[in-house]
């Protein structure tokens with residue numbers, strides 16, 4: 482029997498590695514107390530101090546400067562989650578997979594899960610007890626037709642309960658949400674000031690982009706502070722009837738934020754997951770009346786009207802049962818909305834519309850007025866069919882602009898304006914004809930490679946839209962970048978595929994719109 | 482535009498972290514060339530030097546002593562795979578998911594995949610292009626009824642082609658394989674010397690335990706060297722007609738070894754995956770005649786005869802199409818075989834049988850003779866039904882022991898014998914009655930916690946088997962451990978659940994045996 486084993490503890494050490502939403506523990510391969518190999522194959526360990534413990538995936542370290550044999554290292558997130566000081570003594574145990582993994586196994590085997598199963602799964606995920614591998618297993622098992630509509634309801638409720646719940650104490654709290662995937666689609670930044678100017682309560686919290694070139698929060702950040710504390714958020718909303726804040730600090734349905742780190746790299750976007758993700762956030766945010774925007778087009782998330790209808794019915798089924806008044810609109814998702822793609826360029830479009838600039842992108846203006854009009858009709862005092870003209874009047878009269886400035890000031894206006902990107906490149910048309918297709922996915926990818934949304938000024942400025950005539954040598958769009966490496970990534974990608982299809986007028990795709 | 486961007490390369494650095502079969506790259510958060518956040522959400526990067534490149538998951542480092550802003554770190558496996566020196570200059574690119582992920586998505590959506598799809602998937606996995614998340618997605622999608630029998634065939638062929646193929650140049654190359662899950666089931670170490678003593682070619686390569694307390698390779702290692710180079714393996718087999726080596730160095734169907742690191746923590750063991758894993762290894766090892774042992778019992782992998790029959794038919798379907806002559810035997814999987822569980826204790830059992838010790842565990846002896854008899858009947862010169870008595874004669878005459886010693890010497894006998902474990906604890910019976918159940922899973926877990934197979938002497942020594950009368954205070958089994966922490970883990974687990982059920986004779990489970 483070896484020595485040094487009387488006290489089975491290791492000194493805690495923070496290892497400054499961001500392992501992206503997965504708890505990782507680092508154990509030295511020469512640790513004399515715990516046998517690294519024995520733990521590693523079983524994938525996870527439990528790190529305990531007093532009654533406080535976390536689960537973490539184990540990596541074995543062979544470098545004493547990172548973690549010495551008497552230490553246990555934790556990655557940044559795991560260290561924060563444990564919430565202890567460095568150098569405290571911790572114990573290590575074998576971790577059984579979380580109990581709810583049994584439910585995941587039943588889902589893999591094709592079973593229908595109960596409300597209790599979804600509560601157990603979301604609770605374990607919220608506490609970071611799942612490895613990424615386990616999350617992937619759950620997402621795949623639950624993906625593509627794996628959830629029936631009752632399960633989607635259970636899952637929505639369980640996710641909503643995994644974080645905080647906001648209560649606004651008013652009978653009508655409105656919101657609007659797009660299922661995503663369309664570049665430049667910044668209608669929220671126009672809809673919120675219009676609706677708030679009308680006096681309805683619209684406490685809008687948005688996400689940041691994960692793999693797209695901009696989320697509403699990224700774009701609003703060009704103008705104002707978006708990381709508002711819950712108190713600050715309430716103050717802004719009480720004063721202005723609306724806000725445009727980042728939802729992350731509010732801790733609404735945090736499970737979704739964790740799952741998304743696995744879902745996105747896998748390119749998964751199953752309907753059941755989408756409905757539960759969106760509606761759990763709305764429920765947690767205290768929303769009572771909701772417009773959902775489902776764009777349909779060849780490179781949208783919904784490619785066919787029949788898919789969009791199926792999705793609409795799922796939203797309706799769940800909303801009826803969680804007491805959210807819902808309207809679903811099917812919109813034109815054949816191409817990006819507006820011209821700019823990326824935070825700064827999108828802000829330019831939004832401000833042009835708010836200022837009634839004659840050069841403002843008309844598609845962004847029209848879509849925003851229509852959506853705002855539908856929201857306004859949630860107001861019992863607005864006559865059915867009158868929402869559109871009220872919204873247009875609020876915009877045309879400058880009241881929306883005034884409200885936007887008031888919201889910006891209330892959230893905290895950004896002190897220095899962001900300069901345009903130093904690196905620009907025109908992508909040139911190689912064929913005469915008419916623009917018959919713009920690939921939303923490719924435009925998003927190129928803008929992302931150019932540095933959006935991390936570099937606010939990076940992105941794409943579209944010069945041609947569907948139906949526009951083009952000739953050889955004309956620029957289709959301009960790539961904007963701040964960093965040389967990003968600039969090259971974007972140019973290379975555009976060189977492989979510009980994302981544009983040129984043809985003749987009769988090849989233009991049909992529009993599916995219900996709105 | 483910032484400086485330092487003319488030369489878009491970083492200095493390569495080896496980071497001594499074992500990330501367990503996943504390539505991980507470490508980038509400093511302050512790197513001025515590549516923007517860590519932009520890469521991280523997309524999950525993987527491509528690291529390139531000249532025409533050589535690998536894919537890796539990205540972790541962001543905020544500690545210059547691990548990786549400085551001008552460096553790119555690679556985890557041990559990733560560094561080895563790239564195969565370059567430290568301090569060479571590498572480029573970093575965004576990595577698209579490997580092409581075959583499209584096929585995985587189609588599988589998730591419920592489609593049937595083609596032979597080409599399986600070739601593409603296994604090739605990408607073999608080259609470490611899949612993250613663990615992606616592997617989990619594939620395994621879950623392919624799990625539980627997700628593969629039809631043609632797909633299992635395609636998958637088997639693709640996995641066999643992912644590594645080396647052995648060719649023995651003889652018409653009859655025999656092997657025996659158990660689907661696993663039964664503690665102490667070390668029949669291979671008896672069957673190989675019996676069959677080789679008869680003169681048949683049995684070049685047996687085995688795995689090490691991943692999450693069980695011992696694999697044949699771990700146990701044989703108590704007696705001899707098992708890490709044989711391909712040349713050495715051939716020399717041993719040519720001389721002795723058989724070997725008991727670790728299959729890892731032979732690089733047979735390596736995809737399976739990679740997938741298992743994800744499969745085991747998820748507790749997945751789908752039939753299709755099992756059949757393809759086992760048969761791809763056999764095909765790669767040049768096996769022509771094969772016995773598959775399927776134990777059936779309440780805590781076996783196959784719990785019911787109908788499951789075992791379904792599995793048998795899958796093995797038959799694939800073997801008929803890859804030209805392997807197959808016999809499937811259904812065996813008693815109600816309890817562990819022999820007494821010892823863990824490398825050293827299992828070796829003791831095996832040597833007792835080889836030496837015809839009257840105390841030798843009779844179940845291990847009987848099962849080994851029966852299986853060996855079935856293998857011997859693959860010999861055209863052995864009359865049907867005579868295999869058993871020939872095998873028994875080889876064992877009783879001491880020829881099997883002589884052959885085992887010859888194989889040990891050929892592989893390289895271990896110089897120092899392994900001492901018994903210093904820490905021992907008897908687990909006591911708390912009830913009078915008869916042993917009516919022994920939970921294979923719990924016995925495996927306890928033995929594993931005790932330190933097996935890493936600590937050769939650790940494990941469990943069973944003192945009572947099914948049907949044995951027991952009284953209060955009698956020991957059921959002894960836990961053996963080398964390390965104090967492991968000893969405590971095992972005792973705690975046994976305290977929660979000994980794995981034994983005590984009852985009356987009529988409660989003994991029925992045996993399903995076809996053999």
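Chains as they are written, first to last, in my numbering: chain R, 482 to 996; chain A, 482 to 996.
Here a beta-carbon is modelled for each residue, glycine too, at the ideal position from N, C-alpha and C.
Cβ neighbour criterion (16 or more within 10 Å) applied to residue 905/R: As a position in the first chain, residue 905/R is number 424, starting the count at 1. With fewer than 16 Cβ atoms within 10 Å of its Cβ, residue 905/R is classed as exposed.
Burial state of residue 921/R (16 or more Cβ within 10 Å): In the first chain, the residue the question calls residue 921/R occupies position 440. Buried.
Test: residue 509/A CB closer than 7 Å to a CB of chain R: Mapped onto the second chain, residue 509/A falls at position 28. Taking Cβ atoms only, chain R never reaches closer than 7 Å to residue 509/A, which makes this a no.
Between the CA atoms of residue 662/A and residue 603/A - distance to the nearest angstrom: Residue mapping note: residue 603/A aligns to position 122 of the second chain, counting from 1. Residue mapping note: residue 662/A aligns to position 181 of the second chain, counting from 1. For residue 603/A and residue 662/A, the distance between alpha carbons rounds to 26 Å.
Length at least 3, wholly inside the stretch 786 to 837 of chain A: the beta strand (DSSP E) runs in chain order: 806 to 813
Stretch-stretch touch, CB-based, cutoff 8 Å, three pairs: the stretch 850 to 865 of chain R with the stretch 679 to 691 of chain R: yes
Contact list for the stretch 953 to 986 of chain R against chain A, Cβ threshold 8 Å: Those would be 963, 964, 965, 966, 967, 969, 970, in chain order.
Expected contact under 8 Å - CB spacing of residue 455/R and residue 762/R to nearest Å: Coverage of chain R is limited to positions 482 through 996, which leaves residue 455/R absent and any answer about it impossible.
Same chain, Cβ closer than 6 Å to residue 930/R, neighbours up to 5 away in sequence not counted: Against the first chain, residue 930/R aligns to sequence position 449. Excluding positions up to five away in sequence, the list reads 970, 971, 974.
Close-in-space but distant-in-sequence residues of the same chain around residue 570/R (CB under 6 Å, 5 per side omitted): The residue given as residue 570/R occupies position 89 in the first chain. So the list reads 490, once near-sequence residues are dropped.
Within-7 Å CB hit, residue 516/A to chain R: By 1-based counting over the second chain, the position of residue 516/A is 35. So yes, residue 516/A belongs to the interface.
Residues that residue 930/R contacts on chain A, provided the C-beta gap is smaller than 9 Å: Numbered from 1 along the first chain, position 449 holds the residue referred to as residue 930/R. Those within 9 Å of residue 930/R in chain A are 519, 575.
Neighbouring residues, chain A, relative to residue 613/R (Cβ below 7 Å): As a position in the first chain, residue 613/R is number 132, starting the count at 1. Correct list: 613, 614.
Closer than 8 Å at the beta carbon, the chain R residues around residue 543/A: Locating residue 543/A in the second chain gives position 62, where the first residue counts as 1. Per Cβ cutoff of 8 Å: 497, 498, 499, 557.
Contact set between residue 610/R and chain A, taken where Cβ atoms lie within less than 7 Å: By one-based count along the first chain, residue 610/R stands at place 129. Residues of chain A passing the Cβ test: none, with the nearest at roughly 13 Å.
DSSP state of residue 692/R mapped onto helix, strand, coil: The residue labelled residue 692/R in the question sits at position 211 within the first chain. In this structure, residue 692/R counts as coil in the three-state DSSP scheme.
Rounded separation between residue 751/A and residue 593/A - CA only: Taking the second chain and counting its residues from 1, the one referred to as residue 751/A is at position 270. Taking the second chain and counting its residues from 1, the one referred to as residue 593/A is at position 112. Those two C-alpha atoms are separated by around 17 Å.
Contacts that residue 546/R makes with chain A (C-beta to C-beta distance below 7 Å): Taking the first chain and counting its residues from 1, the one referred to as residue 546/R is at position 65. 546, listed in chain order.
Boundaries of the beta strand (DSSP E) in which residue 587/R is found, first to last residue: Within the first chain, residue 587/R is the residue found at index 106, counting from 1. Looking at the DSSP string, residue 587/R is not in any beta strand (DSSP E); the run it does join, the alpha helix (DSSP H), is 582 to 589.
Cα-Cα separation between residue 989/R and residue 813/R, rounded to whole angstroms: For the purposes of this step, residue 989/R is taken as the residue at position 508 of the first chain. For the purposes of this step, residue 813/R is taken as the residue at position 332 of the first chain. One C-alpha to the other measures close to 13 Å.
Cβ distance (whole Å) where residue 876/R is taken to contact residue 675/R below 8 Å: Translated into the one-based positions of the first chain, residue 876/R becomes position 395. Translated into the one-based positions of the first chain, residue 675/R becomes position 194. The Cβ separation is near 6 Å, so the contact holds.
Nonlocal neighbours in the same chain, by C-beta distance under 6 Å from residue 884/A, ignoring five residues either side: Numbered from its first residue, the second chain carries residue 884/A at position 403. Contacts found: 674, 677, 678.
Under 7 Å between C-beta atoms of residue 540/A and residue 500/R: By one-based count along the second chain, residue 540/A stands at place 59. By one-based count along the first chain, residue 500/R stands at place 19. Contact: yes.
Alpha-carbon to alpha-carbon, residue 846/R and residue 873/R: Within the first chain, residue 873/R is the residue found at index 392, counting from 1. Within the first chain, residue 846/R is the residue found at index 365, counting from 1. Our two residues, residue 873/R and residue 846/R, have alpha carbons roughly 9 Å apart in a direct line.
Stretch-stretch touch, CB-based, cutoff 8 Å, three pairs: the stretch 977 to 991 of chain R with the stretch 946 to 956 of chain R: yes
Residues sharing a beta bridge with residue 685/A, DSSP: As a working note, residue 685/A is residue 204 in the second chain. Per DSSP, 725/A.
Residue-level contact to chain R via CB, residue 489/A, 7 Å cutoff: By one-based count along the second chain, residue 489/A stands at place 8. So, interface residue.
Beta-carbon contacts of residue 658/A that lie in its chain and below 8 Å, excluding the five residues immediately before and after: Translated into positions along the second chain, residue 658/A becomes position 177. Contacts found: 759, 763, 771, 772, 773, 774.
Every unbroken beta strand (DSSP E) inside the stretch 881 to 931 of chain R [3 residues or more]: 904 to 909, 914 to 919
Chain R within 7 Å of residue 486/A, Cβ atoms only: To locate residue 486/A, count along the second chain from 1; it is residue 5. Confidence at residue 486/A is low in this model, with a pLDDT of 40, below 50, so its placement is unreliable and no value can be given for it.
Proximal residues, the stretch 849 to 882 of chain A versus chain R, C-beta separation under 7 Å: none
Contacting residues, own chain, Cβ-Cβ under 6 Å from residue 937/R (five flanking each side not counted): In the first chain, counting from the first residue as 1, residue 937/R sits at position 456. Around residue 937/R: 703, 824, 825, 899.
Burial state of residue 836/A (16 or more Cβ within 10 Å): As a first step, residue 836/A must be located in the second chain, where it is residue number 355. By the 10 Å Cβ count, residue 836/A comes out exposed.
Residue 738/R classed as buried or exposed, judged by whether at least 16 other C-beta atoms fall within 10 angstroms: By 1-based counting over the first chain, the position of residue 738/R is 257. Per the 10 Å Cβ criterion, buried.
Three-pair Cβ contact test at 8 Å for the stretch 636 to 651 of chain R versus the stretch 692 to 700 of chain R: Fewer than three beta-carbon pairs drawn from the stretch 636 to 651 of chain R and the stretch 692 to 700 of chain R are found closer than 8 Å, and the two stretches are therefore not classed as touching.
Where residue 546/A sits in the DSSP three-state scheme: If you number the second chain from 1, residue 546/A lands on position 65. In the three-state reduction of the DSSP assignment, residue 546/A falls in the coil class.
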